[in-house]
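What follows is a short report on a single structure.
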Amino acid sequence: MDFLNAIIALLNFVVVPAVAYGSQLALGALGVTLIYGILRFSNFAHGDTMAFGAMVTVLFTWLFQSWGISLGPLPTALLALPFGILGCMGLLLATDRVVYRFYREQKAKPVILVIVSLGVTFIMNGIVRFIIGPDDQRFADGERFIVSARTFKEMTGLREGLAIKTTQGITVITAVVVVALLFWFLNRTRTGKSMRAYSDNEDLALLSGINPERVVMITWLIVAALATIAGVLYGLDKSFKPFTYFQLLLPIFASAIVGGLGNPIGAIAGGFVIAFSEVTVTYAWKKVLTYLVPERFEPDTLVQLLSTDYKLAVSFLILLIVLLFKPTGLFKGKSV
Amino acid sequence: MNPALKNTLLFLIVALMIIYTGFSQSWNTALVVVNMGLISAIMALGVNLQWGFAGLFNVGIMGFVALGGLAAVLMGVPPTPGAWSAGGWNILGAFVFAIAAIAAIVVIRGKMVPGWPRAFVVFALICAGFFGYRALFDPGVVAIEAINPALTGNLGGLGIDRGLWVVLAWPVGGLFAAAAAWVIGKTALGLRSDYLAIATLGIAEIIIAVLKNEDWLARGVKNVVGLPRPTPYEIDLQNDPAFVDRAAGYGLDAVTASTLYVKLLYAGLFTVVLVILLVLAQRALNSPWGRMMRAIRDNEVAAEAMGKDVTARHLQIFVLGSAICGIAGAMMTTLDGQLTPGTYQPLRFTFLVWVMVIVGGSGNNFGAVLGGFLIWFLWVQVEPMGLWVMQMVTSGMADGSALKAHLIESAAHMRLFTMGLVLLLVLRFSPRGLIPEK
Chain A
3 MDFLNAIIAL LNFVVVPAVA YGSQLALGAL GVTLIYGILR FSNFAHGDTM
53 AFGAMVTVLF TWLFQSWGIS LGPLPTALLA LPFGILGCMG LLLATDRVVY
103 RFYREQKAKP VILVIVSLGV TFIMNGIVRF IIGPDDQRFA DGERFIVSAR
153 TFKEMTGLRE GLAIKTTQGI TVITAVVVVA LLFWFLNRTR TGKSMRAYSD
203 NEDLALLSGI NPERVVMITW LIVAALATIA GVLYGLDKSF KPFTYFQLLL
253 PIFASAIVGG LGNPIGAIAG GFVIAFSEVT VTYAWKKVLT YLVPERFEPD
303 TLVQLLSTDY KLAVSFLILL IVLLFKPTGL FKGKSV
Chain B
332 MNPALKNTLL FLIVALMIIY TGFSQSWNTA LVVVNMGLIS AIMALGVNLQ
382 WGFAGLFNVG IMGFVALGGL AAVLMGVPPT PGAWSAGGWN ILGAFVFAIA
432 AIAAIVVIRG KMVPGWPRAF VVFALICAGF FGYRALFDPG VVAIEAINPA
482 LTGNLGGLGI DRGLWVVLAW PVGGLFAAAA AWVIGKTALG LRSDYLAIAT
532 LGIAEIIIAV LKNEDWLARG VKNVVGLPRP TPYEIDLQND PAFVDRAAGY
582 GLDAVTASTL YVKLLYAGLF TVVLVILLVL AQRALNSPWG RMMRAIRDNE
632 VAAEAMGKDV TARHLQIFVL GSAICGIAGA MMTTLDGQLT PGTYQPLRFT
682 FLVWVMVIVG GSGNNFGAVL GGFLIWFLWV QVEPMGLWVM QMVTSGMADG
732 SALKAHLIES AAHMRLFTMG LVLLLVLRFS PRGLIPEK
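Keeping their order, the protein sequence lines are chains A and B.
For the first sequence, this note's numbering assigns the number 3 to the initial residue and increments by one for each residue that follows.
For the second sequence, this note's numbering assigns the number 332 to the initial residue and increments by one for each residue that follows.
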């Protein structure tokens, strides 16, 4: 019986990665949920929007690295992030002008917009692959760990080490800052309030003189920022590969729906629900259990509920359960 | 120009383009395009049933196609000796146990009053059921995968490999896809339309993950090769003096003649399937059932007020459409002779079929068939065209410059861009497609 080591092992292999992954999903799901709330369709192009923003950031990071600019222990990508956001904003505004606005004026059915967003997905995907290629790109630099497993062991004398990667720390801090800013904007500023009004009741908002085109534009700008930040954080934490961003769509949508589509608080909660379920279900619990149970009962298998190849299946199962029992999500979202 | 003439002309143009490929490149290439075009046309028919008739948005076509392919494998490969006695019954028992456990949980949940105790009991039962399932399932998998892992290591199938009987796998592929579609439809239909899209996107990825990782089923990424085929093998034809003589009579050497002959046989079989499905789809479209479907699509509220069970009809047509995609998937796997789960990508199998339906004309079966041939032809030809364009663009640049190399290398990714663009342009400027619905 060794509770302390068990807790450290749990923190190291489950809690820390899940918190980082959950923050990335939450930021992604916030973007999806905002589009859903304001523009009223499920944006399938969100994964590739993240990929595009991250790509611009990667390119600027390489530029800065070639100039010898760096942030010391922090990754240079943070410096390039604003440029990535600007690039992504440009792309989204252009897409809205060229593609989505036409269907908005026509008052097309949401499902048409979903198909259109699928077309946009592949155009964006094509652009990203065209510019940076389909391969893995590494752009993280600076210090690798805030606390490495070895220093932690030396400090505490425990058998288990706790490693916190710099990217994980940055992910969580950035996510907290971004979410705080977003909620301040939505709840305290005039523009934010007009956005919420538009999301709640379009006709009433129009009657009170809110300019819909302005609301839509600001939504795209916020979504561009959220998507780029989420994409860069994910890329820093894992690595940047265009195709993985398309595959992130399922967990991101699952997060948004679990929390309640259209509800920002729900998106954040959903992100963490999905991340924690994915990590706990696919983690091999043998290590933690050996510390907790008497020696005689030590498990001889890995005690892994599902192999890591089925990560997607976890988000999917949660999605199905929510759709079956509570289609509006944990927090009341819209159900049109 | 009257519509019938225009449609015939459209089909003629596509046929001419394929024939031109035959003259300019090779007849083998042209027949490959025809065969995959036939399969694509069947997939497009399935999606047209869902989208054109009923307005259901399915982005999981890839998964249903792959399930059809799995059927071709399971029907075709011979059973691995000893696999059933080693672990097959364990796995089967695990599945029976899982179904029984789910049924028991559903019954118990129905009997108890809602509240925390019920939630706790249900959760505990789910956990117990899961561990029980794994306890039965895991030893079976280990035992099966240990049998000659370099060659088999899978359960094997029915081993139907006699001539035309192989074709039996195709309707079975439809059944597999229909079963998966029923589960998805049962959960996601009746909710908002985008939920079906997200659920189908998920099931497709999961089916591919299962096919990649469950080695006991169809050897996962190790692939089962040499699936039985309904046509003779080229090598047998080349060793058959009668065939060689006949080929020489047409002025062809034995190798070319045998490959062309086999491809033509496939084309014949596929055409039969396509014609049967097309006739059925046409009959369905013009039947009272078809009219009801379109009424539901155009105004759900009104249809519901007329006493139509919208959710049940949606489920019905969703299952039917997915089954057609499964049939096409089984045909494709039989044609390829192997199932390679790694090559299933949403772009190729979901998105491309959507482009076919929308470009061809959603709601019109002939439109879907035309779209299937046309878009498949473009899909095959866009890559060489993209490369050619890139070479033109970069012809002024110095040889060996990094930009030139990069541009030429990324020409392959232009397919995604082109297909996305085609879809958006058609949706915007001609949303009814080449052959519009009547």
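Beta carbons: idealized from backbone N, C-alpha and C, even for Gly.
Worksheet entry | Rounded C-alpha distance that separates residue 584/B from residue 667/B | Along the second sequence, read from residue 1 onward, the residue named residue 584/B stands at position 253. Along the second sequence, read from residue 1 onward, the residue named residue 667/B stands at position 336. Put simply, the backbone Cα of residue 584/B is about 24 Å away from that of residue 667/B.
Discussion item. By the three-class DSSP mapping on this structure, what secondary structure does residue 338/A have?
Written reply: The residue given as residue 338/A occupies position 336 in the first sequence. For residue 338/A, the pLDDT reaches just 39, beneath the cut-off of 50, and the residue's location in the model is therefore unreliable, although a value from the coordinates is still provided. Coil, per DSSP.
Item to complete: Output yes if chain A places a C-beta closer than 8 Å to the C-beta of residue 383/B; else output no.
Response: Residue numbering aside, residue 383/B sits at position 52 when the second sequence is read from its first letter. Cβ-Cβ to chain A under 8 Å: no for residue 383/B.
Fill in: DSSP beta-bridge partners of residue 647/B
Position 316 of the second sequence, counted from the start, is the residue given in the question as residue 647/B. Beta-bridge pairing links residue 647/B to no other residue.
Fill in: Assigned secondary structure, residue 240/A (DSSP; H/G/I helix, E/B strand, else coil)
Looking up residue 240/A in the first sequence gives position 238. Coil.
Worksheet entry | Under 8 Å by beta carbon: chain A residues contacting residue 755/B | Residue numbering aside, residue 755/B sits at position 424 when the second sequence is read from its first letter. Residues of chain A passing the Cβ test: 101, 118, 121, 122, 125.
Practice prompt. Express the C-alpha separation of residue 404/B and residue 415/B in angstroms, rounding to a whole number.
Written response: Reading the second sequence from its first residue, position 84 is the one you call residue 415/B. Reading the second sequence from its first residue, position 73 is the one you call residue 404/B. Cα atoms of residue 415/B and residue 404/B: separation of roughly 17 Å, rounded to the nearest angstrom.
Worksheet item: At least one CB of chain A closer than 8 Å to the CB of residue 401/B: is that the case?
Response: The count along the second sequence starts at 1 and reaches residue 401/B at position 70. Not one chain A Cβ lies under 8 Å of residue 401/B.
Worksheet item: Near residue 424/B, what residues of its chain come up, given a Cβ to Cβ distance below 6 Å and the 5 sequence neighbours on each side ignored?
Response: The residue given as residue 424/B occupies position 93 in the second sequence. Result list for residue 424/B: 467, in chain order.
Worksheet entry | Endpoints, the alpha helix (DSSP H) within which residue 491/B is located | Within the second sequence, numbered from 1, the residue matching residue 491/B stands at position 160. Taken as a continuous stretch (DSSP letters only), residue 491/B belongs to no alpha helix (DSSP H), as it is neither H nor E.
Worksheet item: If we cut at 8 Å on Cβ distances, does residue 281/A have a partner in chain B?
Response: Position 279 of the first sequence, counted from the first residue, corresponds to residue 281/A. So, not an interface residue.
Worksheet item: In chain order, what residues of the same chain have a beta carbon less than 7 Å from the beta carbon of residue 337/A, not counting five sequence neighbours either side?
Response: In the first sequence, residue 337/A corresponds to position 335, counting from 1. Caution applies to residue 337/A, whose pLDDT of 46 falls short of 50 and renders its modelled position unreliable; the model cannot decide the point.
Item to complete: Compare the C-beta of residue 291/A against all C-beta atoms of chain B and say whether one is closer than 8 Å.
Response: On the first sequence, position 289 is the one that residue 291/A refers to. Closer than 8 Å: no.
Item to complete: Determine which residues of the segment 245-262 of chain A have a Cβ less than 8 Å from any Cβ of chain B, and write them out in chain order.
Response: Of all residues in the segment 245-262 of chain A, only 248, 249, 251, 252, 255, 256, 259 place a beta-carbon less than 8 Å from a beta-carbon of chain B.
Item to complete: Anything in chain B within Cβ reach of residue 315/A, meaning under 7 Å, just list it in chain order.
Response: Walking along the first sequence from the start, residue 315/A turns up at place 313. What residue 315/A touches in chain B: 537, 540.
Worksheet item: For the segment 550-580 of chain B, which residues have a CB atom closer than 9 Å to at least one CB atom of chain A, in sequence order?
Response: Of all residues in the segment 550-580 of chain B, none has a Cβ within less than 9 Å of some Cβ in chain A.
Practice prompt. Check the Cβ of residue 312/A against every Cβ in chain B and list those closer than 9 Å, keeping chain order.
Written response: Position 310 of the first sequence holds residue 312/A. Simply 537, 540, 541, 544.
Discussion item. Using C-beta distances below 7 Å, list every residue in its chain close to residue 531/B, excluding the 5 sequence neighbours before and after it, in chain order.
Written reply: Residue 531/B sits at position 200 when you count from the first residue of the second sequence. Correct list, in chain order: 389, 390, 391, 515.
Discussion item. Please identify, using Cβ separations under 8 Å, the residues of the segment 667-691 of chain B that lie next to chain A, in order along the chain.
Written reply: Answer in chain order: 677, 678, 682, 685, 689.
Worksheet item: What number of angstroms, rounded off, separates the C-alpha of residue 224/A from the C-alpha of residue 94/A?
Response: One-based indexing of the first sequence puts residue 224/A at position 222. One-based indexing of the first sequence puts residue 94/A at position 92. CA-to-CA, the gap between residue 224/A and residue 94/A works out to about 10 Å.
Item to complete: List the residues of chain B whose Cβ lies closer than 8 Å to the Cβ of residue 129/A, in chain order.
Response: Sequence index remark: in the first sequence, residue 129/A carries index 127 (1-based). What residue 129/A touches in chain B: 748.
Worksheet entry | Spatial distance of residue 398/B from residue 558/B (CA atoms) | As a position in the second sequence, residue 398/B is number 67, starting the count at 1. As a position in the second sequence, residue 558/B is number 227, starting the count at 1. Residue 398/B and residue 558/B: Cα-Cα distance of roughly 16 Å.
Discussion item. Taking the beta carbon of residue 550/B as the centre, do at least 16 other beta carbons fall within 10 Å, making it buried, or is it exposed?
Written reply: Your numbering for residue 550/B matches position 219 in the second sequence. It is buried - the Cβ of residue 550/B has at least 16 other Cβ atoms within 10 Å.
Practice prompt. Under the assumption that residue 86/A contacts residue 56/A (Cβ atoms under 8 Å), give the Cβ distance between them as a whole number of angstroms.
Written response: Stepping through the first sequence from its first residue, residue 86/A is reached at position 84. Stepping through the first sequence from its first residue, residue 56/A is reached at position 54. About 7 Å; that satisfies the 8 Å criterion.
Discussion item. Could you tell me the alpha carbon to alpha carbon distance between residue 484/B and residue 411/B, rounded to whole angstroms?
Written reply: Stepping through the second sequence from its first residue, residue 484/B is reached at position 153. Stepping through the second sequence from its first residue, residue 411/B is reached at position 80. Within the model, the alpha-carbon separation for residue 484/B versus residue 411/B is close to 8 Å.
Discussion item. Between which residues of its own chain and residue 394/A is the CB-CB distance below 6 Å, once the five residues before and five after are set aside?
Written reply: The question about residue 394/A has no answer here: the residues shown for chain A are numbered 3 through 338.
Item to complete: Determine the contact status of residue 446/B and residue 661/B, defining contact as a CB-CB distance below 8 Å.
Response: Within the second sequence, residue 446/B is the residue found at index 115, counting from 1. Within the second sequence, residue 661/B is the residue found at index 330, counting from 1. No, they are not a contact pair.
Practice prompt. Compute the distance between the beta-carbons of residue 373/B and residue 655/B, then report whether it is under 8 Å.
Written response: Translated into positions along the second sequence, residue 373/B becomes position 42. Translated into positions along the second sequence, residue 655/B becomes position 324. Yes, Cβ-Cβ distance for residue 373/B and residue 655/B is below 8 Å.
Worksheet item: Cβ atoms of residue 471/B and residue 422/B: under 8 Å apart, would you say?
Response: Working through the second sequence from its first residue, we reach residue 422/B at position 91. Working through the second sequence from its first residue, we reach residue 471/B at position 140. Here residue 422/B is near residue 471/B, since their CB atoms are less than 8 Å apart.
Practice prompt. Compare the C-beta of residue 518/B with all C-beta atoms of chain A and state if any pair is closer than 8 Å.
Written response: For the purposes of this step, residue 518/B is identified with residue 187 of the second sequence, where counting begins at 1. Residue-level contact by beta carbon holds for residue 518/B and chain A, with a gap shorter than 8 Å.
Discussion item. Using only CA atoms, which one of 37/A, 9/A, 12/A lies nearest to residue 198/A?
Written reply: Here residue 198/A is taken as the residue at index 196 of the first sequence, counted from 1. That would be 37/A, whose Cα lies nearest to the Cα of residue 198/A.
Worksheet item: Secondary structure at residue 338/B, three-state DSSP: helix, strand or coil?
Response: Taking the first residue of the second sequence as 1, we reach residue 338/B at position 7. Under the three-state reduction of DSSP output, residue 338/B falls in the helix class.
Worksheet entry | For residue 345/B, the nearest candidate out of 333/B, 369/B, 387/B (CA to CA) | Within the second sequence, residue 345/B is the residue found at index 14, counting from 1. The candidate whose alpha carbon is nearest that of residue 345/B is 369/B.
Worksheet item: Where does residue 205/A land, buried or exposed, given buried means 16+ other C-beta within 10 angstroms?
Response: For this step, residue 205/A is matched to residue 203 along the first sequence. Burial check for residue 205/A: the Cβ neighbour count within 10 Å stays below 16, so the residue is exposed.
Worksheet item: Is there a Cβ from chain B that is less than 8 Å from the Cβ of residue 112/A?
Response: For the purposes of this step, residue 112/A is identified with residue 110 of the first sequence, where counting begins at 1. Put simply, the CB of residue 112/A is near chain B, with a gap under 8 Å to one of its CB atoms.
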